[in-house]
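Undergrad:
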Amino acid sequence: EYLAEHDGAMQKDIAAACRIEPATMTSLLCGMEKKGLITRSAPDRRSLSVYLTEKGRMLIPLIKEEFSRIEDRATCGFSDEERELLISLLSRMRENLD
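Residues in the sequence shown are numbered consecutively from 1, following full-length UniProt numbering.
Now the structure itself:
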């Protein structure tokens, strides 16, 4: 989702936004590049920009739909208020770990 909204973002910024270690992000992006989902370019030696390919863009709706299905399944039986509370508590936990 981050890439869909920030096409051409620098690899280090993507890692920070996704809260993933840069080395882990490099590995993930290598796999995505091999599958033809992204391209990377280095406008200068200090930065590496990442771009979604057309193939990568086509997968965005499918990925969002799958995440929605997983969320619905995980919170089945939760009221709207309980879902909001869960999101709030998980966000606070994430902030505590930063």
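Positions of the beta carbon are idealized from the N, C-alpha and C atoms, including for glycine.
Report the rounded CA-to-CA distance for Ile14 versus Asp98, giving the unit in angstroms.
TA: 16 Å
Undergrad: Looking at the secondary structure, which residues open and close the alpha helix (DSSP H) in which Leu37 lies?
TA: DSSP places Leu37 in no alpha helix (DSSP H); its state is neither H nor E.
Undergrad: State whether the segment 5–13 contacts the segment 48–66, with contact taken as three or more CB pairs (one from each stretch) at a distance under 8 Å.
TA: yes
Undergrad: Assuming Lys55 and Gly36 form a contact by the criterion Cβ under 8 Å, report the distance between their Cβ atoms to the nearest whole angstrom.
TA: 5 Å
Undergrad: In angstroms with no decimal places, state the Cα-to-Cα distance between Arg69 and Thr24.
TA: 26 Å
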